[in-house]
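Peer 1:
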Amino acid sequence: MSEGFRAHRDYFEIIGAVDLEVAKPGRGKHKASSTRCNATYHRNIGITPKYADLLKLEPKSYREELGLQKGELHVLIACPPCTGFSQKILKII
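The opening residue of the sequence shown carries number 75 in this note's numbering; numbering runs sequentially from there.
1) Would a C-beta distance cut-off of 8 Å place S108 and V96 closer than the cut-off?
2) Counting only the same chain and skipping the five closest in sequence on each side, list residues whose C-beta sits under 7 Å from that of I73.
3) Quick one: using the 10 Å Cβ neighbour count with 16 as the cut-off for buried, is P123 buried or exposed?
4) If you draw a straight line from the C-alpha of C111 to the C-alpha of P154, how long is it?
5) Please tell me whether L33 and G90 are closer than 8 Å, where the distance is taken between their beta carbons.
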């Protein structure tokens with residue numbers, strides 16, 4: 075998602091990112107593990123994501139941390155974690 079917006083940098087500027095770096099548990103077989111994805115995001119996009127849980131992050135404090143005034147943000151993007159969509163159940167017929 076971020077790469078798509080970054081590719082259109084004439085129109086958009088990515089100024090922040092948040093990721094808790096926790097993978098979805100493996101269908102009850104494995105505990106959730108760290109994805110350690112923030113370093114990769116930084117290498118690819120150029121921004122180090124804030125290591126935080128979005129359920130607990132106060133929007134106002136993060137907006138202020140990014141140096142934004144109220145009403146200044148024009149686009150907010152979010153996407154589900156890849157792990158939830160990469161686990162498949164295969165049925166052999």
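Glycine included, C-beta positions come from ideal geometry on N, C-alpha and C.
The structure presented is a predicted model; accordingly, all values stated were derived computationally and were not measured.
Peer 2: According to the structure data:
1) Sequence index remark: in the sequence shown, residue 108 carries index 34 (1-based). Sequence index remark: in the sequence shown, residue 96 carries index 22 (1-based). Yes. Within cutoff.
2) Nothing in the structure corresponds to residue 73, since the chain is present only between 75 and 167.
3) Looking up residue 123 in the sequence shown gives position 49. With 16 or more other Cβ atoms within 10 Å, it is buried.
4) Locating residue 111 in the sequence shown gives position 37, counting from the first residue. Locating residue 154 in the sequence shown gives position 80, counting from the first residue. About 14 Å.
5) The chain is shown from 75 up to 167; residue 33 falls before or after that span and cannot be answered.
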